[in-house]
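Structure first, commentary second.
Residue numbers (our numbering): 118 to 597.
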């Protein structure tokens, strides 16, 4: 079995095995005509359950043949122009190359003696990002597994910076359309059920700063501690960007940590056209960025960034076998000193390769393309009597609802929209997301593929309408 270990004696086997795998993926990408096959859980689950993992195939080609049947054929392909559902982007080739390199070398980014140059490359990517944000010379950060972990770490730092306040009296202020990870973080940090104060949004789904000011003042009046305000630069459902300059002023006034969840909107940091939409982010105490959303990177590729590198010490724990205190005096750069994780992948390499091959402008131009596409899609929806669209997009998300021409019970319209989404997914012709606005069911396009066109949007809208009309027609037939 030693012949399967990757080392100097198996380099050629490694080359041929990986090449064989790449050939299978490339062939699948080249021939995929739909984002999904439409296979059901009931059809696929028994086939995977039937595999006896205690009986190996002893052959790479045979294992890849099996993988084609169980995974590659029926995977959901984000590169397809009619995948329009979640915050999943098609990935750029330099990043995939970086993924191949980092997986094979398998550096762990917790300590210098496990990564060497990997540590310095990650630090340089962090510095590049904080410079783009404008956080200042004392800024720092670390790569994480994703936006949820980044938000958790940022709020941990905010809690510790509150300097001994009673955790049960701490409050976090977040938009009503902010990410659920804020509530999850509050629970994990032991802050109690009432810790998150939900701030209403305006017509454009941006946090109402008047309401935020009122709640901050109420917090002070009730002798509570305003621990943090979480502003969002790109909400998951609407792509809306909160008024960052006004929020920054309120945070300064009430001596409150300002965290910006820019997991989605961070692509604007590379934009030559729309960077101004992030004005005010430079005042943040911490920022979440997900390169695997709008920088076209493979999952995972995320980071939490801070204005003051000293605050990262709240996540530091010195273990004698790993990162002893003497390493600090010896100026050994151990990234575990900043991280909630110990073992960590060298995910920064993917963005490093992307920047070195494509450049920041190349990334930003791709993100600008999908934002422009969303604007054109919004115009299509606004002019289409079959649909009600919620807000004009700031980024690349469209939230809308099929409305039949005949007067119909709103609950029936909800069911028609739910049915249309499920039927579309089952057909494999396109994949769209869903959400609620108020109590009503809506559909959602998250446009992150520059290859998607307005023709694709039009075609998918026609498919949705067809499924919804079929459902409503069948319902009327059954009622009669």
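Glycine is no exception: its CB is placed at the ideal position from the N, C-alpha and C atoms.
Assuming contact is defined by CB atoms lying nearer than 8 Å, are residue i and residue j in contact in what I supplied?
i, j, result
"residue 545", "residue 155", "yes"
"residue 357", "residue 511", "yes"
"residue 375", "residue 348", "yes"
"residue 543", "residue 414", "no"
"residue 293", "residue 316", "yes"
"residue 386", "residue 575", "no"
"residue 519", "residue 529", "no"
"residue 308", "residue 284", "yes"
"residue 141", "residue 181", "yes"
"residue 560", "residue 513", "no"
"residue 535", "residue 266", "no"
"residue 355", "residue 222", "no"
"residue 239", "residue 446", "no"
"residue 466", "residue 135", "no"
"residue 352", "residue 322", "yes"
"residue 440", "residue 149", "no"
"residue 161", "residue 125", "no"
"residue 416", "residue 379", "no"
"residue 224", "residue 463", "yes"
With which residues is residue i paired in a DSSP beta bridge?
i, result
"residue 324", "318"
"residue 287", "342"
"residue 200", "548"
"residue 260", "420"
"residue 350", "358"
"residue 469", "Residue 469 pairs with nothing; no bridge assigned."
"residue 313", "289"
Nearest to residue i by CA position, among the options, is which residue?
i, options, result
"residue 547", "562, 126 and 319", "562"
"residue 522", "145, 502, 443 and 386", "502"
"residue 566", "124, 131, 130 and 152", "152"
"residue 427", "489, 284 and 258", "258"
"residue 408", "493, 260, 221 and 171", "260"
"residue 393", "251, 266, 332 and 286", "251"
"residue 346", "326, 254, 220 and 340", "326"
"residue 313", "324, 289 and 306", "289"
"residue 200", "570, 286 and 590", "570"
"residue 381", "549, 161, 263 and 256", "263"
"residue 588", "554, 537, 555 and 549", "537"
"residue 479", "388, 172, 249 and 330", "388"
"residue 504", "531, 366 and 177", "531"
"residue 460", "230, 147 and 471", "230"
"residue 506", "163, 203, 244 and 320", "320"
Unbroken stretches of the beta strand (DSSP E), 3 residues or longer, contained in the segment 378-430 | List check, beta strand (DSSP E) in window: 403-407 and 419-423.
Which parts of the segment 480-531 are runs of the beta strand (DSSP E), unbroken and 3 residues or longer, counting only runs that do not cross its ends?
-> Taking only runs of at least 3 residues, the beta strand (DSSP E) segments lying wholly in the segment 480-531 are 504-506 and 514-519.
Decide yes or no for the touch test of the segment 204-215 against the segment 580-588: beta carbon pairs closer than 8 Å, at least 3 of them.
-> The segment 204-215 makes no contact with the segment 580-588: fewer than 3 CB pairs, one atom from each, lie closer than 8 Å.
Indicate whether the contact test is met: 3 or more Cβ pairs, each with one atom in the segment 360-374 and one in the segment 294-312, closer than 8 Å.
-> With contact defined as three or more Cβ pairs closer than 8 Å, the segment 360-374 and the segment 294-312 are not in contact.
Using 8 Å as the threshold, is the segment 422-437 in touch with the segment 254-274, meaning 3 or more CB pairs across them?
-> Contact holds between the segment 422-437 and the segment 254-274, because three or more Cβ pairs, one in each stretch, are under 8 Å apart.
Of all the beta strand (DSSP E) runs that stay within the bounds of the segment 539-587, which reach a length of 3 or more residues?
-> The segment 539-587 is shown to contain whole beta strand (DSSP E) runs of 3 or more residues at 548-554 and 557-563, in chain order.
For the 8 Å Cβ check, are there 3 or more pairs between the segment 229-239 and the segment 482-491?
-> Short answer: they don't touch.
Contained alpha helix (DSSP H) runs [length at least 4] in the segment 155-243, N- to C-terminal order = Whole alpha helix (DSSP H) segments, 4+ residues: 158-166, 177-184, 210-222 and 229-232.
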